[in-house]
Amino acid sequence: MVAITGCAVLFVLESNFAAEQLAIIGYYCLVAGVVQKVWQMKKETKTVSGD
160 MVAITGCAVL
170 FVLESNFAAE
180 QLAIIGYYCL
190 VAGVVQKVWQ
200 MKKETKTVSG
210 D
């Protein structure tokens with residue numbers, strides 16, 4: 160959320176390059192968070208099923 164807000168502010172301030180870089184960083188953080196959550200859910204499933 161911080162990255163999205165920062166992008167909007169940077170675009171308003173006409174710092175397009177910085178806004179684009181922040182958007183890329185935000186996207187990678189989003190992907191990393193999703194991967195982490197999937198990994199956590201997969202790990203919890205193994206613990207519950209006893210595999």
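Residue numbers (our numbering): 160 to 210. No residue lacks a Cβ here, since even glycine has one placed at the ideal position from N, Cα and C. Predicted model only: the values in this text are computed from it and were never measured.
- Item | Endpoints, alpha helix (DSSP H) assigned at L172 | Premise fails: L172 is in no alpha helix (DSSP H) and is neither H nor E.
- Quick one: grab the DSSP three-state call for M160. In the three-state reduction of the DSSP assignment, M160 falls in the coil class.
- Task: Ignore the nearest five residues each way along the sequence and tell me which others in A177's own chain have a CB closer than 6 angstroms to its CB.
- Result: L169
- Task: Within 10 angstroms of the Cβ of C188, are there 16 or more other Cβ atoms? Answer buried if so, exposed if not.
- Result: exposed
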